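First comes the structure, then the notes that go with it.
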Amino acid sequence: MAQRAHADAPHHDETNYVAIWGVLCALLGLSVLGPMVGVRLLTLITAFGIAIVKAYMVCSYFMHLRIEKKWVAYVLGFMLALMLVFFGGVAPDVLEHDGLRWQKTYVEPATVGGER
Amino acid sequence: MSGHAPPAHHASGFVKTYLWSTDHKVIAMQYLFTGMLMALIGGFAVYVFRMQLAFPGQSVPLFGRVSAGQYNSLVTMHGTIMIFWVAMPVLLAAFGNFLIPLMLGCDDMVFPKVNRLSYQIFLLSAVVLVASFFVPGGAFGGAWTAYPPLSANAAYNLTRYGATLWVVAVALEFAAFLLGGINFVTTAMNSRAPGMRMFDVPIVVWMIVIASILFMASVGPLIAGAVMLVFDQVFGTGFYDPATGGDPILWQHLFWFFGHPEVYVVLLPAMGVVAEVIPVFSRKKLFGYRTIVYTAVATGVISFFVWAHHQFVAGIDPRMASLFTITTLIISVPIAEMIFVYIATLYGGSITLATPMLWALSFVAEFLLGGVTGIFLGAAGADIYLHDTYFVLAHFHYTFFPIAIIGAFAGITFWFPKMFGRMMDERLGKIHFWGTIVAFNVIFIPLFITGVAGDHRRIFDYSGFPDLATPGLQHLRTTATLGLVSLLAVQPVFFFNFVRSLVRGPIASANPWRANTLEWSASSPPPHGNFAELPEVYRGPYEYSPEDREEDFWPQHVPDVSPAPVASVGGGR
Amino acid sequence: MTSRPIATTRSVMDVPTGRLAMWWVLASETVLFGGLLGSYVMMRLRHGAWADQAANTNTWAGAFNTLVLLTSSLSAVLAHQAAERADGPKAARLLRYTILGGGVFLTVKAFEWTHEIEEGFTITSGLFWSFYYTAAGLHAAHVVAGMVIMFIVSLTAARNEELHRVENVGIYWHFVDVVWIFLFPLLYIAK
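Below is the structure:
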């Protein structure tokens, strides 16, 4: 398609995708090893912090967001921000165990696994 | 790559031309007629249940005795159909499909086959919904808001199959509008005519695009919630069941996080239609074009921060209730400001009260009443009393009716010549207009009063409520019902006008209203491919009564050769 | 009737139309998965005892599947690179590897779920499991859709036609990968 030539000018693709993939795999390994250390905070950082980093790398390098028009990233960022708004508006009701004059009385079943 | 003659088409059969076409104008008509047909069903539903309210326990002509369960199904279906199967297809899909390529100077949408697919999915959703009337138990009776546990548990809603079909139909409708929305937004962003800058795009296109983006951004959580609801209904999962650790409030939040932006999804296109009509019939430039655009965007953004005002008495955190009160009151400001801008456009204009203009003006007046009454509801304190009363119902009908009905009639009467190549009858149009508007107010003003007096919503028979079963209040309910019957009785005037004009109306020229936007430079109706030669744009869309020009309008596609009035470029005349 | 409208060839925003549309698809998918996963996180934080249930997910299967999807993303972006260099057949081949990756992912999932159901962890075993199957199931549905579309694109790409579609379908696939990048710690690591 003719119009791609100018729309994609910076696309002289010398990115080493295999290297990016290697980094991603290493990060995956770290996130699997993290829980084995047993420190809860470390597990959370390795699990979710690394997830954020991996997602960022896939978006920037594989999806080419780093060379895409800026407003595309802003639109996607806006959608993510909306999800934070959603979380913030709903969490006081759904995440909490109790409030001013109520409490959630559901008790987890004692048994682990198997039929309910 | 400027225009070329549309490719010579082999003679197409009826199916190819009208049922399987990828032409955006045909798809627009498909959405329009489907929406109008669904309006008949939604209108019949309200006729039945309002007759029950006015004459409780008596057999309703054309229906029979209304049971409590049937009443629930009727109110549920009325609300669901009018929002998802009338307002959205007519305002967003029909006008969007018809106008966007024409107003932008294109030959079609960017993805015509996806466009066709979106209508087909929409049609399927309508079929699924109508099918739910005929399954054992009947149509879903858990209100259009479908709160669990009522909606999740068939033992409560008594409409097991209807409930699941309802969720499936709504999900399909969402999918159709997501597909359609992507077409609209991409076309509007990428396919404008040469010379058409962002602020040369007509307001109605802006509004439909912003509405589509709002829809795309808000519907996701509800689709997730709908999947969870269906699983609760069918598999017995407990997403919304406190007994398994779920939370019914979660559904409410998922629903209204979409539900509030949704009202702006339908409001903005209606305001866009009014923005097109008012300048044409006041021969005056639209006041504050950029203000309108920025305000519409701001409204869209703020609309994501107000949703829990629907849940003030549901037991949400009171601190959040305070927050949502503030945001809700804030959002009334930009909308009011847009209304003032429209009024400013009228001021000093040379006004012609043609039928489309009558609809546009009544939109402004009636929506103003709806908006003002919303302020009472947006304040959490007042809402404690008013929630779930007919005051709420009258408020949202004073907003939804202008949106879905008045806005639709304004658009249909305005663009009828372009769509069908004929003029509608002005006299019949005015009779229909006045009959509808007067009747509309006769329905809902009494309901404000009964609402404040304490009438709950979704009550099938008030005789069980001693404080409400008074002659005075019953008189008001009956008045509202008579208003409705009058409203329905005058609609055949429109249909008669529509069909007769279609078949025998005076032939319309390309630009009978002497308007500026690009669709009026194509022939009436436009051929496949829209323009004999794709237009180029030289100015904004609202140059009416320009200085130093003989004509009181200056179409967008006319090159800048001053001072003489112009031989128009492009389009059959 | 496959003539493309002139509208589709215009590019006022300087982004090709197909890619522009795909970004909007991603925008709407973001809020879909965001809503579902946000709801899950809220519920999970409330039900601390879910950690007991979550202990029964198979971390190694999850990690392996993450590796599979990352690798399939690699082949997808290499397919795009090949398409940029106008090598349609190579792009088609790489797309087929990506589809294969999706197939491996689904196969592992099938074994995983079969095992879990045999152990008694069904979708109604508890709210954790309801979310587990729903979230992973919705993701898997997107994997299937991606595989189908990629297959169709690979057919035309092999003939050196419509090569721009390779990039666009790749963007979709990377998104599916990103969703899994978050699902993995949510369902398998946070125990």
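Chains as they are written, first to last, in numbering that gives the first Met the number 0: chain F, 0 to 115; chain G, 0 to 572; chain W, 0 to 190. Just so you know, even glycine gets a beta-carbon here, dropped at the ideal spot from N, CA and C. Quick caveat, the model's predicted, so the values are computed rather than measured.
Does the beta-carbon of residue 396 of chain G have 16 or more other beta-carbons within 10 angstroms, so that it is buried, or is it exposed?
buried
I need the boundaries of the alpha helix (DSSP H) containing residue 573 of chain G, first residue and last residue.
Look at the range of chain G in this structure, 0 to 572, and you will see that residue 573 of chain G is not part of it.
Determine whether the beta carbon atoms of residue 201 of chain G and residue 102 of chain G lie at a separation below 9 Å.
yes
According to DSSP, is residue 4 of chain W helix, strand or coil?
coil
Residue 50 of chain W lies in the alpha helix (DSSP H); which residues open and close that run?
49 to 53
On the DSSP bridge list, what partners appear for residue 59 of chain G?
G:63
Going by beta carbon distance, what residues of the same chain come within less than 6 Å of residue 178 of chain W, once the five residues before and after it are set aside?
32, 138
Is residue 110 of chain F buried or exposed, if buried means 16 or more other CB atoms sit within 10 Å of its CB?
With a pLDDT of 47 at residue 110 of chain F, under the threshold of 50, the modelled position of that residue is not reliable, and the figure given next carries that caveat. That one is exposed.
Quick one, which residues of the stretch 301 to 322 of chain G are near chain F if we go by CB-CB under 9 Å, in chain order?
303, 304, 306, 307, 310, 313, 314, 315, 316, 317, 318, 319, 322
Closest by C-alpha distance to residue 53 of chain G, when choosing among G:541, G:445, G:105:
G:445
Would you say residue 276 of chain G faces chain W, with C-beta separation under 9 Å as the test?
no
Distance cut-off 8 Å: residue 499 of chain G Cβ against heavy atoms of the ligand NAP:
By its list of ligands, the structure shown contains no ligand whatsoever, and the ligand NAP lies outside what it can speak to.
Say whether chain W places a C-beta atom closer than 9 Å to the C-beta of residue 98 of chain F.
no
Residue 176 of chain W classed as buried or exposed, judged by whether at least 16 other C-beta atoms fall within 10 angstroms:
buried
Any C-beta of chain W under 9 Å from that of residue 121 of chain G:
no
If you draw a straight line from the alpha carbon of residue 209 of chain G to that of residue 28 of chain F, how long is it in whole angstroms?
43 Å
Can you tell which of W:188, W:78, W:122, W:45 has its C-alpha closest to the C-alpha of residue 237 of chain G?
W:122
Would you identify the three-state DSSP class for residue 543 of chain G, choosing helix, strand or coil?
strand
Of all the CB atoms in chain W, is at least one closer than 9 Å to the CB of residue 17 of chain F?
yes
Looking at chain W, is there any beta carbon in it that lies within less than 9 Å of the beta carbon of residue 38 of chain F?
no
So does the stretch 382 to 389 of chain G actually touch the stretch 349 to 360 of chain G, counting three or more Cβ pairs closer than 8 Å?
no
Tell me whether residue 47 of chain F sits in a helix, a strand or coil according to DSSP, three-state version.
helix
Reference residue 296 of chain G; option with closest CA among G:205, G:247, G:322:
G:205
Amino acids of chain G, ordered along the chain, whose beta-carbon sits closer than 7 Å to that of residue 6 of chain W
100, 105, 106, 107, 108, 109, 186, 190
Tell me which same chain residues have a C-beta within less than 7 Å of the C-beta of residue 513 of chain G, skipping the five on either side of it?
552
Counting only beta-carbon atoms, is residue 53 of chain F nearer than 9 Å to chain W?
yes
Helix, strand or coil: which one does DSSP assign to residue 503 of chain G?
helix
Name the chain W residues whose beta carbon is nearer than 8 Å to that of residue 41 of chain F?
What residue 41 of chain F touches in chain W: nothing, since even the nearest Cβ is about 12 Å away.
Would you say residue 65 of chain W lies against chain F (beta-carbon separation less than 9 Å)?
yes
Member of W:108, W:28, W:85 whose CA lies at the smallest distance from the CA of residue 78 of chain F:
W:28
Can a CB atom of chain W be found closer than 9 Å to the CB of residue 181 of chain G?
yes
Start-end ranges of the alpha helix (DSSP H) lying completely within the stretch 271 to 352 of chain G, minimum 4 residues:
288 to 301, 317 to 345
Exposed unless 16 or more other CB atoms sit within 10 angstroms - verdict on residue 67 of chain W
buried
Contacts that residue 83 of chain F makes with chain G (C-beta to C-beta distance below 7 Å):
What residue 83 of chain F touches in chain G: nothing, since even the nearest Cβ is about 11 Å away.
Is residue 2 of chain F helix, strand or coil when you go by DSSP?
Model confidence at residue 2 of chain F stands at a pLDDT of 40, short of 50, so the residue's coordinates are unreliable; what they give is reported in the following sentence. Residue state, collapsed to three classes: coil.
Neighbour-count burial assignment, residue 325 of chain G, 16 or more Cβ in a 10 Å radius:
exposed
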